[in-house]
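Data block below; observations after.
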Amino acid sequence: MSSDVRFIDFKSDKQPTWCPGCGDFGTMNGMMKALANTGNDPDNTFVVAGIGCSGKIGTYMHSYALHGVHGRALPVGTGVKMANPDLEVMVAGGDGDGYSIGSGHFIHAVRRNVDMSYVVMDNRIYGLTKGQASPTSREDFETSTTPEGPKQPPVNPLALALSAGGTFIAQSFASDAQRHAELVQAAIEHDGFGFVNVFSPCVTFNDTDTYDYFRDNLTDLAETDHDASDFDEAKDRIMDGSSEYQGILYQNEDSVPYHEAHGVTEDMTEIPDGAPEDATDLVREFY
Amino acid sequence: MPADFNWAIGGEAGDGIDSTGKIFARALSRAGRHVFTSKDFASRIRGGYTAYKVRTSVDQVESTVDRLDVLIALTQRTVDENIDELHEGSVIVYDGERTSMQDLEIPDGMVGMDVPLKSLAEEAGGAIMRNIVALGAACEVTDFPIEHLGSSLEKRFSDKGQSIVENNKTAAELGAEYVAENYATESDEFEYELETTDEDYVLINGDEAIGMGAIAAGCRFYSGYPITPATDVMEYLTGRLERYGGHVVQAEDELSAINMALGAARAGARSMTATSGPGIDLMAETFGLVAQSETPLVICDVMRSGPSTGMPTKQEQGDLNMALFGGHGEIPRFVLAPTTISEAFWKTVEAFNLAEKYQTPVYLIADLEMAVTEQTFPPEAFDMDAVEIDRGKIVDEDEIDEWLDDEGRFRAHAATEDGISPRALPGTTDGAHMSTGLEHNELGRRTEDTEIRVEQVQKRQRKVETAKEREDWSPREFGNADADNLVVSWGSNEGTIVEAMDLMDDDAPEFRFLSVPYLFPRPDLTDAVEDAEQVVVVECNATGQFADVLEHDTLERVDRVNKYNGVGFKADELAEEITEVLQ
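Just so you know, the protein sequences line up as chains F and E, in that order.
Residue 110 is where the first sequence starts when you use my numbering, and the numbers rise one by one after that.
Residue 3 is where the second sequence starts when you use my numbering, and the numbers rise one by one after that.
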């Protein structure tokens, strides 16, 4: 690991095919900056991505990466981190990948508290399939598959994370480059599962949750007296349906990451040329 | 008197049937006798009944038969269920003090031994030990030295404290004494005597053999979701894998289980998941990703009766088509089906080597009866010194240069001559690369270029061709190689067919028997099929999935012996059926 790694080293030579102006550009830049700022380099970093516009991120970044099936990025990241705890594991996804098809894995990944980060590009729309409702779309948000709106409340990912025992819950805005990078960096540095929901506007299919909307409605917790270590305060903010927050909503200072709780600290990739030395003991157990 | 002795205990679920059966099986094994057990054989009446059967001999036993010499009946129904298997001279041990057993009628020619199991157990320290009293009684009837039962009780209960062990031993002794005092004549007249030998045997089931094979092969990561009959693999590995620096994760579902295992494999750990049919269905999408991203992964399917929830605790070999063809698109894969419990150990080791050598998913297909059957083997059957590990083309920092392109990018999917690409484990300097389920170029970057698509499809396919050339895919051969008839089977039927061969009359048609552990790639049986006058494929499914495959491979029609009622083949039954087809 060299100390002179710059964020640009995490960029691949592949030009993104995201729509011009897509929030995912800013989201990705912040991820790369955060990785560089935390002393990582592409050869010790593993990025996992799912399916959707967000899923393409592994191609545009330079690191070890797996672009998997829809909704299962978190389990992949979990396996990578357990097998080699020396790797920096960052899982990326979208609101469809994380809160719809992958929502089951989301709450369990939060519970497990594996020491990795999870960055969700939440644009409140399905972009890659050209504009259908996502689990975070508003109740009255009209789309090709929901002509009168979904008529059901959007998922509150922060509340899901908090109720599942989340130890680091943050939210950022792709356009606020510095704050976004800071928050992803804090997620990486957190001892456990660092979750950042990123408002990452879709300029093509979502004319409601736009850059302007977030600029006008975002409250940065850094400018308030919010105490992120206070569970009840976090709960009140997260359940307060009228506000959009940027910042760390909740961080449990006593977080015990999975590898500590379970004593999983060894690199599993090195094995002997034959059966383990005392493997015959395993046979004797059956006498 | 046949060389083998057949014993069973039956009652209601919750009566401790399995645990008691296993204690008896262990006692026999520790006395140097071979054992083959079966659990929960089919109910002729309705659910709720459970039984554990032990077949034992001084010679290796490979299957179960329809005969019972001693039956411990905790319920009236146990007798009713097994009436066809009991014969003249069979002993039925029961507790006549139990209200429901007071009117038990012992069928003509059989010997009833009314032993107050509960009262004697209470005398020894608690009613819970009544099954152990019955085991003691069985020892007396068969002249089996009770100290071997004591040794088995010691193993079973030692972690619960010495007083528990002693109480159980007392319970067994009381049972033996009661029979000696009250049924001395009947006991003397009983035709079986269980001799002991000085041999040390391993008593192990199929799931445990797979788990032990995984550890021997260097597996370090296991993720799974509990499902009958694969759960024992996970329970075996839990705690043991950790001793070797590995870890077992109970995932939230099978989708997660296979994706965690995939993640660990991409990080460079030998990794596995195990499940049964319903879980395999859920894993199918990621199975394609494993192959497309060229990740080494072992996926074990312990088959049970399907489709859908089917009969979760019953036998079937119905997942062959799924293993061979499951998943959308065309997925290169290996499919291994161990044919015996000890082979389950070796095929697991082989599965890990194949997975890493060819960077390809490997299905390891076992089945319920293999999973739950406890069988004895000499310890040499699991010779750890013979385990070899081949991790394939992993490149380190010194070797990586030759696999970088002009711009210094690692060619993780390089289209090599043998189809196998170099593999850089994450953390290797200059090896950073992406892998994906999308079609990709040699760098792992998405492409829809027609030429690259063809090149990558062929490259992945070439790995299978390379494996066909480099590895041994032979079937296991039994019987008379020059016989006119050919019997073919796959998976766990091997022992039963071999034993059926021994049971067949001298004037029954002779046959050559090929037992196929490799389902893909599989041996070319064209010559064997063409040379035979008649070919019979034996398998536990309704349609004859392997028979179909064999017909496809050889362009010849074959006969089929199928069983799909939820119970595996028995040697005596199969001897008759094969004879009938071949005559």
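From the three backbone atoms N, C-alpha and C, an ideal C-beta is built for every residue, glycine too.
Small disclaimer: the values here were computed from a predicted structure and weren't measured.
Touch test, the segment 361–370 of chain F against the segment 378–385 of chain F, Cβ-Cβ under 8 Å, three pairs minimum: no
Continuous beta strand (DSSP E) stretch holding residue 376/E: start and end: Position 374 of the second sequence, counting from 1, holds the residue named residue 376/E. Annotation: the continuous beta strand (DSSP E) that includes residue 376/E extends over 376–379.
Local Cβ density within 10 Å of residue 228/F, reported as buried at 16 or more and exposed below that: The residue labelled residue 228/F in the question sits at position 119 within the first sequence. It is buried - the Cβ of residue 228/F has at least 16 other Cβ atoms within 10 Å.
Contact belief for residue 242/F with residue 255/F at Cβ below 8 Å, rounded distance in angstroms: What you label residue 242/F is simply residue 133 of the first sequence in a count that begins at 1. What you label residue 255/F is simply residue 146 of the first sequence in a count that begins at 1. Indeed, because the Cβ distance is near 4 Å, the residues count as touching under 8 Å.
Contact set between the segment 248–262 of chain E and chain F, restricted to residues whose Cβ is under 9 Å from the partner: Going along the segment 248–262 of chain E in chain order, one finds 248, 249, 251, 253, 254, 255, 257, 258, 259, 260, 261, 262 with a Cβ nearer than 9 Å to chain F.
Contacting residues, own chain, Cβ-Cβ under 8 Å from residue 205/E (five flanking each side not counted): Walking along the second sequence from the start, residue 205/E turns up at place 203. Once the five neighbours on either side are set aside, the close Cβ partners of residue 205/E are 27, 28, 31, 37, 376, 377, 378.
Partners in chain F for residue 589/E, counting only beta-carbon separations shorter than 7 Å: This structure cannot settle anything about residue 589/E, because the visible part of chain E is limited to 3 through 585.
As assigned by DSSP and simplified to three states, the class of residue 11/E: For the purposes of this step, residue 11/E is taken as residue 9 along the second sequence, with counting starting at 1. Looking at residue 11/E - three-state DSSP - the assignment turns out to be strand.
Against chain F: residues of the segment 426–439 of chain E by CB proximity under 9 Å: 426, 427, 428, 429, 430, 431, 432, 433, 434, 435, 436, 437, 438, 439
Cβ pair count under 8 Å reaching 3, the segment 404–411 of chain E against the segment 354–373 of chain E: no
CB contact below 8 Å: residue 123/F versus chain E: The sequence position of residue 123/F within the first sequence is 14, counting from 1. Judged by the 8 Å Cβ criterion, residue 123/F is in contact with chain E.
Short CB-CB distance (under 8 Å) between residue 149/F and chain E: On the first sequence, residue 149/F is found 40 positions in, with the first residue counted as 1. Judged by the 8 Å Cβ criterion, residue 149/F is not in contact with chain E.
Same chain only: Cβ atoms within 8 Å of residue 283/F, ignoring 5 sequence neighbours per side: Taking the first sequence and counting its residues from 1, one reaches residue 283/F at position 174. In its chain, beyond the 5 residues on either side, 132, 133, 134, 135, 136, 139, 230, 289, 307, 308, 309, 310 have a beta carbon closer than 8 Å to the beta carbon of residue 283/F.
Length of the line joining the Cα atoms of residue 82/E and residue 567/E: Start at 1 with the first residue of the second sequence, and residue 82/E comes out as number 80. Start at 1 with the first residue of the second sequence, and residue 567/E comes out as number 565. Near 20 Å, if we compare the C-alpha coordinates of residue 567/E and residue 82/E.
Candidates 276/E, 251/E, 347/E, of which the one nearest residue 391/F by Cα: Here residue 391/F is taken as the residue at index 282 of the first sequence, counted from 1. Nearest option by C-alpha distance: 347/E.
Closest by C-alpha distance to residue 381/E, when choosing among 189/E, 14/E, 202/E: Within the second sequence, residue 381/E is the residue found at index 379, counting from 1. Here the closest residue by C-alpha is 202/E.
Cβ of residue 218/E within 8 Å of any chain F Cβ: Within the second sequence, numbered from 1, the residue matching residue 218/E stands at position 216. Interface residue, yes.
Through-space distance from residue 556/E to residue 532/E, alpha-carbon basis: For the purposes of this step, residue 532/E is taken as residue 530 along the second sequence, with counting starting at 1. For the purposes of this step, residue 556/E is taken as residue 554 along the second sequence, with counting starting at 1. A straight line joining the alpha-carbon of residue 532/E with that of residue 556/E spans about 8 Å.
Partners in chain E for residue 181/F, counting only beta-carbon separations shorter than 8 Å: Here residue 181/F is taken as the residue at index 72 of the first sequence, counted from 1. Simply 257, 258, 261, 288.
Residue burial classification, residue 111/F (beta-carbon count within 10 angstroms, cutoff 16): Translated into the one-based positions of the first sequence, residue 111/F becomes position 2. Here residue 111/F scores only 48 on pLDDT, less than 50, and its place in the model should not be relied on; the value that follows carries that caveat. Counting Cβ neighbours within 10 Å, residue 111/F comes out exposed, since fewer than 16 surround it.
CB contact below 8 Å: residue 143/F versus chain E: Start at 1 with the first residue of the first sequence, and residue 143/F comes out as number 34. Chain E, which has no Cβ nearer than 8 Å to the Cβ of residue 143/F, makes this no.
Bridge partner(s) assigned by DSSP for residue 272/E: Position 270 of the second sequence holds residue 272/E. Looking at the DSSP assignment, residue 272/E forms a beta bridge with 221/E.
Burial state of residue 142/F (16 or more Cβ within 10 Å): Here residue 142/F refers to the residue found at position 33 of the first sequence. Here residue 142/F is buried: its Cβ has 16 or more other Cβ atoms, across all protein chains shown, within 10 Å.
Among 213/E, 393/E, 199/E, nearest to residue 359/E - alpha-carbon criterion: Within the second sequence, the letter at position 357 stands for residue 359/E. Of the candidates 213/E, 393/E, 199/E, the one whose C-alpha sits nearest the C-alpha of residue 359/E is 393/E.
Cβ-based burial, residue 400/F [other Cβ within 10 Å; buried from 16]: Residue 400/F lies beyond the stretch modelled for chain F, which goes from 110 to 396, so this question has no answer here.
Inter-stretch contact at 8 Å, needing at least 3 Cβ pairs: the segment 348–356 of chain E / the segment 212–225 of chain E: yes
Chain E within 8 Å of residue 369/F, Cβ atoms only: Within the first sequence, numbered from 1, the residue matching residue 369/F stands at position 260. Answer no: the Cβ-Cβ gap between residue 369/F and chain E never drops below 8 Å.
Per-residue contacts from residue 450/E into chain A (C-beta, under 7 Å): Judged by its chain identifiers, the structure shown contains no chain A, and its protein chains are F and E.
Residues from the segment 187–219 of chain F in contact with chain E, defined by Cβ distance under 7 Å: 187, 188, 189, 191, 192, 193, 195, 196, 213, 214, 217
Close beta carbons around residue 155/F, own chain, < 6 Å, minus the five adjacent residues each side: Residue 155/F sits at position 46 when you count from the first residue of the first sequence. 173, 189, 196, 198, listed in sequence order.
Candidates 389/E, 54/E, 226/E: closest to residue 387/F by CA position: Here residue 387/F corresponds to residue number 278 of the first sequence, with the count starting at 1. When each option's Cα is compared against that of residue 387/F, the closest is 389/E.
Spatially closest choice to residue 525/E from 482/E, 474/E, 33/E, 259/E, by CA coordinates: Within the second sequence, the letter at position 523 stands for residue 525/E. Residue 525/E has its Cα closest to that of 474/E, out of 482/E, 474/E, 33/E, 259/E.
Between the CA atoms of residue 5/E and residue 574/E - distance to the nearest angstrom: Against the second sequence, residue 574/E aligns to sequence position 572. Against the second sequence, residue 5/E aligns to sequence position 3. Straight-line Cα distance between these residues: approximately 15 Å.
Chain E contact for residue 380/F (CB, 8 Å cutoff): Stepping through the first sequence from its first residue, residue 380/F is reached at position 271. Residue 380/F counts as touching chain E.
Contact residues within the segment 201–214 of chain E, judged by C-beta distance below 8 Å to chain F: 202, 203, 204, 205, 206, 210, 214
At least three beta-carbon pairs within less than 8 Å, the segment 504–519 of chain E to the segment 475–483 of chain E: yes
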